[in-house]
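Okay, so the sequence shown: first residue is 4 according to my numbering, each after it adds one. Data block below; observations after.
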Amino acid sequence: MPLAEFATEYAQLSAGEQSLFAEAARRLLAEGLIWRGDEGDTRAYAFLLRRRELVAEYLQVAGWELRHDERAQVFQVAHRDGAHRRRLSRDTTVWLLIMRLIYAEKRERVELSLTRYPTVTVGEVAQRYAEFFPGQAVRKKTSLDEALRTLQSLKLVRAGGGGVLRASNNDQIIELLPTLEVVVPASAVGEVAARLGEYQRARPESPEAE
4 MPLAEFATEY AQLSAGEQSL FAEAARRLLA EGLIWRGDEG DTRAYAFLLR
54 RRELVAEYLQ VAGWELRHDE RAQVFQVAHR DGAHRRRLSR DTTVWLLIMR
104 LIYAEKRERV ELSLTRYPTV TVGEVAQRYA EFFPGQAVRK KTSLDEALRT
154 LQSLKLVRAG GGGVLRASNN DQIIELLPTL EVVVPASAVG EVAARLGEYQ
204 RARPESPEAE
């Protein structure tokens with residue numbers, strides 16, 4: 004779409020739509036994705052459904068590609084040159100992969116749940132870590148806390164019933180969100196266990212203090 008045509012279409016938007024356009028673009032660039040299931044994203048997601056092409060043209064000028072996962076109900080942006088990717092620490096990446104693996108396992112099983120999405124307790128996640136890394140101390144109050152905080156801010160997990168996830172609360176419910184399928188696609192789940200194995204072999208033999 005030529006810039007002149009884009010400018011014409013944008014000018015035809017109402018003031019309210021122009022405000023939503025700015026909000027959607029800002030949130031996409033700041034957070035990486037907009038998920039319909041997040042209460043704060045509902046209006047922006049609905050706007051993107053209506054004006055996807057116009058927003059995509061705007062983002063494309065700066066090298067961003069707008070993607071839509073209809074099943075997960077997620078709009079996501081990715082830079083065509085791979086720039087501006089969110090860098091996670093190795094520990095946070097390990098926790099992310101573990102939770103993605105648990106999400107896939109629970110999706111494959113039919114389980115009675117009071118929530119819309121699969122859930123797991125903080126303690127169960129820590130236990131799964133211990134299974135992958137036997138004999139090695141888990142820095143629950145630092146590594147897991149940091150991971151929970153980061154993944155919650157990225158809208159990949161959330162606290163069942165609301166609030167902030169904390170590593171010290173073993174019984175706290177973690178709701179595993181479908182956005183996990185966007186950042187780690189189903190086609191890559193088979194690689195997750197292998198990736199965890201690589202991290203396991205790379206870990207030092209001596210346990211780390213909490």
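Backbone N, C-alpha and C define an ideal beta-carbon position, used for all residues, glycine too. As the structure is a prediction and not an experimental result, all values here were calculated from the model.
A residue is called buried once 16 or more other Cβ atoms fall within 10 Å of its Cβ, and Pro188, having fewer, is exposed. For the pair Arg55 and Leu69, the CB atoms are nearer than the 9 Å cut-off. Taking a 10 Å sphere around the C-beta of Val128, we find 16 or more other C-beta atoms and assign the residue as buried. Under the DSSP definition of a beta bridge, Trp38 partners with Val77.
Our two residues, Glu201 and Thr124, have alpha carbons roughly 25 Å apart in a direct line. Annotated as distal: Asp94 and Gly126, with beta-carbon spacing of 9 Å or more. DSSP, reduced to helix, strand and coil, places Arg83 outside both helices and strands of the structure shown, so it counts as coil.
Collapsing the DSSP output to three states places Leu51 in a helix. Nearest to Ala14 by C-alpha distance, out of Ala33, Ile176, Leu57 and Arg74, is Leu57. Here Leu183 is not near Tyr132, since their CB atoms are 9 Å or more apart. Comparing alpha-carbon positions, the option among Leu99, Ala191 and Val186 lying closest to Asp148 turns out to be Leu99.
With a cutoff of 9 Å on beta-carbon distance, Leu23 and Arg39 are scored as not near each other. Counted as a single uninterrupted DSSP element, the beta strand (DSSP E) harbouring Asp72 occupies residues Trp67 to Asp72.
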